[in-house]
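Colleague:
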Amino acid sequence: MIQNILGTISIWAIPVFLLAVPLYGACRGVKVYEAFVEGAKGGFQMAIRIIPYLVAILMAIGMLRGAGAIDMLAQWAGPVLEKIGFPVEILPVAIMRPLSGSGALGMATELIQTHGPDSFLGRLAASAYGATETTFYVLAVYFGAVGIRKARHAVLAGLVADVASLVAAVIVCRLAFA
Amino acid sequence: MLNYIWLSMIILAVVVGGINGKIENVTKSAIDSAANAVVIAIGLIGIMALWLGIVKIAEDSGLMRIVARAIAPIMRRLFPDVPDGHPAMGSMTMNIAATMLGLSNAATPLGLKAMEDLEKLNKNPGIATNAMCTFLAVNTAGFQLIPATMIGIMSSSGSKDPTAIIGTTLAAGLVAVVAGVTAAKLLQKLPLFSVERADRKGESS
């Protein structure tokens, strides 16, 4: 029920928005076509501006993945985390999540298909994936768009959010599904 | 901080790649990823233009100010450095709304527009402001009401109840937002992350 309502909102949100904004603008006397074109001009520069930042971050992440460093980290950290009751099978997905969206999606899908989508691990992988964004990608694109090179505390804050949501996903899934 | 993180990633990749005998893989990944970054950025041009055009109409008609005023009480608390009625409030609000609805095609352009608006308040170009870091924390948490991608994968994997994960994803996602914003608010006060320190290091290196 709730999902249906939200699903309908998702489908209609963009067309309604694309209609409502120019319509409101026209009512307020804005020359909508001219304003649109004026704003759209910025799209090209912005996309081009983020390229160097995106290349730098994706290259470093790609190299880490290619080297097998993420599997290695999961293997090292696994035994320690297992002692405190952490389901280690999910660890590679969790490490990949802030680094690469497509990488984490692939690993989560594999886990879901291996253990079954209705298993505890399958649901945990899905919840952990869905609960957060690809931190490093967002940082590179957003800061890149305005030429920020000193990110200050943004990286750490993003990673704190990732760890907190992972811990929360494990706890909530234990309560709901185990 | 990005200087250290980036360098560490590359050192780690080459050392680990060498140990694992995957050094050729490292080369290939570096080159493929660089090419892919450009594909992603070029792919953004059209969507960026579309949303920036719509946002311009919204700005000219005063709609952005109305949107910003609607949830101003929350936004003011999250972003005390951004003056009331500033365009950044409107674009940040629209970005967060798009993210929650899972409209990632709209969320990124609106988010980048918000960053541009926030940059206008930045007295130290090249260095992130407190408001930017808090905004980034909200975005890296990426709170979504419906995890559509994962529901799709669950059902295509043969799940009998693919929407069972909505509640747990929402709960964990909420924790991500709260933890991210709290961390950003606490960390911004540390001398280690001060604007002055970031500025000094910029000059010396």
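Chains as they are written, first to last, in the working numbering: chain A, 59 to 236; chain B, 9 to 213.
Where a beta carbon is used, it is the ideal one built from N, C-alpha and C, also for glycine.
Since the model is a prediction, treat every value here as computed from it, not as a measurement.
Helix, strand or coil for Ile-55(B), going by three-state DSSP, please let me know.
Modeller: The sequence position of residue 55(B) within the second sequence is 47, counting from 1. In this structure, Ile-55(B) counts as helix in the three-state DSSP scheme.
Colleague: Going by DSSP, what residue range makes up the alpha helix (DSSP H) through Ser-223(A)?
Modeller: Taking the first residue of the first sequence as position 1, residue 223(A) is located at position 165. Ser-223(A) -> alpha helix (DSSP H) spans 212-235.
Colleague: Do Ile-108(A) and Val-199(A) have their C-beta atoms closer together than 8 Å?
Modeller: Translated into positions along the first sequence, residue 108(A) becomes position 50. Translated into positions along the first sequence, residue 199(A) becomes position 141. Yes, Cβ-Cβ distance for Ile-108(A) and Val-199(A) is below 8 Å.
Colleague: Here's the rule I'm using: 16 or more other beta-carbon atoms within 10 Å means buried, otherwise exposed. How should Gly-160(B) be labelled?
Modeller: Within the second sequence, numbered from 1, the residue matching residue 160(B) stands at position 152. Its Cβ having fewer than 16 others within 10 Å, Gly-160(B) is exposed.
Colleague: Listing by chain order, which chain B residues have their CB less than 7 Å from the CB of Gly-216(A)?
Modeller: As a first step, residue 216(A) must be located in the first sequence, where it is residue number 158. Per Cβ cutoff of 7 Å: Leu-144, Ala-145, Thr-148, Gly-188.
Colleague: Ala-122(B) and Glu-191(A): beta carbons closer than 8 Å?
Modeller: Walking along the second sequence from the start, residue 122(B) turns up at place 114. Walking along the first sequence from the start, residue 191(A) turns up at place 133. No; because the gap between Cβ atoms is not below 8 Å, this pair is not in contact.
Colleague: Between the segment 202-220 of chain A and the segment 120-138 of chain A, do at least 3 Cβ pairs fall closer than 8 Å?
Modeller: With the cut-off at 8 Å, the segment 202-220 of chain A and the segment 120-138 of chain A do not touch.
Colleague: Tell me, please, whether the CB atom of Ala-49(B) is closer than 8 Å to any CB atom in chain A?
Modeller: As a first step, residue 49(B) must be located in the second sequence, where it is residue number 41. Yes, Ala-49(B) counts as interfacial toward chain A.
Colleague: Compare the C-beta of Thr-133(A) against all C-beta atoms of chain B and say whether one is closer than 8 Å.
Modeller: Stepping through the first sequence from its first residue, residue 133(A) is reached at position 75. Checking the sequence shown, residue 133(A) turns out to be Gln, not Thr. Chain B, which has no Cβ nearer than 8 Å to the Cβ of Gln-133(A), makes this no.
Colleague: Drop a sphere of 10 angstroms on the beta-carbon of Arg-208(B), count the other beta-carbons inside from all chains shown, and report buried for 16 or more, exposed for fewer.
Modeller: Position 200 of the second sequence, counted from the first residue, corresponds to residue 208(B). Exposed is the call here.
Colleague: Is there a Cβ from chain A that is less than 8 Å from the Cβ of Val-75(B)?
Modeller: The count along the second sequence starts at 1 and reaches residue 75(B) at position 67. False, the Cβ-Cβ gap to chain A never drops below 8 Å.
Colleague: Got a sec: is the Cβ-Cβ distance from Lys-37(B) to anything in chain A below 8 Å?
Modeller: Sequence index remark: in the second sequence, residue 37(B) carries index 29 (1-based). The question names Lys, but residue 37(B) is Ser in the sequence shown. So yes, Ser-37(B) belongs to the interface.
Colleague: Would you mind working out which of Leu-120(B), Lys-193(B), Gly-93(B), Thr-176(B) sits nearest Asn-103(B), comparing C-alpha positions?
Modeller: For this step, residue 103(B) is matched to residue 95 along the second sequence. Answer by Cα proximity: Leu-120(B).
Colleague: Identify, in the order they occur along the chain, each residue of the same chain with its Cβ nearer than 7 Å to the Cβ of Ala-152(A), setting aside the five sequence neighbours on each side.
Modeller: The sequence position of residue 152(A) within the first sequence is 94, counting from 1. Counting only Cβ-Cβ distances below 7 Å, and skipping sequence neighbours, we find Ala-186, Leu-224.
Colleague: At 7 Å on the CB atoms, spell out the chain B contacts of Ala-209(A), in chain order.
Modeller: Along the first sequence, one-based indexing puts residue 209(A) at 151. In chain order: Met-9, Leu-10, Ala-136.
Colleague: For Ala-98(A) versus Leu-60(B), is the C-beta spacing smaller than 8 Å?
Modeller: The residue given as residue 98(A) occupies position 40 in the first sequence. The residue given as residue 60(B) occupies position 52 in the second sequence. Their beta carbons are under 8 Å apart, which means Ala-98(A) touches Leu-60(B) by this criterion.
Colleague: Which of helix, strand or coil does DSSP assign to Lys-209(B)?
Modeller: Locating residue 209(B) in the second sequence gives position 201, where the first residue counts as 1. It is helical.
Colleague: If distances are taken between C-alpha atoms only, which option among Ile-106(A), Met-117(A), Met-130(A) comes closest to Gly-29(B)?
Modeller: Position 21 of the second sequence, counted from the start, is the residue given in the question as residue 29(B). If we check each option's Cα against that of Gly-29(B), Met-130(A) comes out closest.
Colleague: Do Ile-174(B) and Pro-155(B) count as a contact pair if the criterion is CB distance below 8 Å?
Modeller: Start at 1 with the first residue of the second sequence, and residue 155(B) comes out as number 147. Start at 1 with the first residue of the second sequence, and residue 174(B) comes out as number 166. Yes; because the gap between Cβ atoms is below 8 Å, this pair is in contact.
Colleague: Would you call the segment 81-94 of chain A in contact with the segment 50-68 of chain B, where contact means no fewer than 3 C-beta pairs closer than 8 Å?
Modeller: In short, these stretches touch, since the Cβ pair count reaches three.
Colleague: For Ala-42(B) versus Met-121(A), is the C-beta distance shorter than 8 Å?
Modeller: Residue numbering aside, residue 42(B) sits at position 34 when the second sequence is read from its first letter. Residue numbering aside, residue 121(A) sits at position 63 when the first sequence is read from its first letter. For Ala-42(B) and Met-121(A), no; Cβs fall outside 8 Å.
Colleague: For chain A, check one thing: does any of its Cβ atoms lie closer than 8 Å to the Cβ of Val-46(B)?
Modeller: The residue you call residue 46(B) lines up with position 38 of the second sequence. Val-46(B) counts as touching chain A.
Colleague: What does Leu-195(B) touch in chain A if you count any residue whose Cβ is under 7 Å from its own?
Modeller: If you number the second sequence from 1, residue 195(B) lands on position 187. Per Cβ cutoff of 7 Å: His-211, Leu-214, Ala-215.
Colleague: Residue ranges of each alpha helix (DSSP H) run of no fewer than 4 residues wholly in the segment 165-207 of chain A, ordered along the chain?
Modeller: Fully enclosed alpha helix (DSSP H) runs of 4 or longer: 178-188, 193-203.
Colleague: Are there 16 or more other CB atoms within 10 angstroms of the CB of Tyr-195(A), so buried, or fewer, so exposed?
Modeller: As a first step, residue 195(A) must be located in the first sequence, where it is residue number 137. So Tyr-195(A) counts as buried.
Colleague: Name, please, each residue of chain A whose Cβ falls closer than 7 Å to the Cβ of Lys-64(B).
Modeller: As a first step, residue 64(B) must be located in the second sequence, where it is residue number 56. Simply Ala-93, Phe-94, Glu-96, Gly-97.
Colleague: I need the boundaries of the alpha helix (DSSP H) containing Pro-145(A), first residue and last residue.
Modeller: Taking the first residue of the first sequence as position 1, residue 145(A) is located at position 87. Here Pro-145(A) belongs to no alpha helix (DSSP H), and DSSP marks it neither H nor E.
Colleague: If you run the structure through DSSP and keep just helix, strand and coil, what is Ile-154(B)?
Modeller: As a first step, residue 154(B) must be located in the second sequence, where it is residue number 146. Coil, per DSSP.
Colleague: Can you tell me whether DSSP reads Ile-108(A) as helix, strand or coil?
Modeller: To locate residue 108(A), count along the first sequence from 1; it is residue 50. In the structure shown, Ile-108(A) sits in coil (DSSP, three-state: anything other than H, G, I, E or B).
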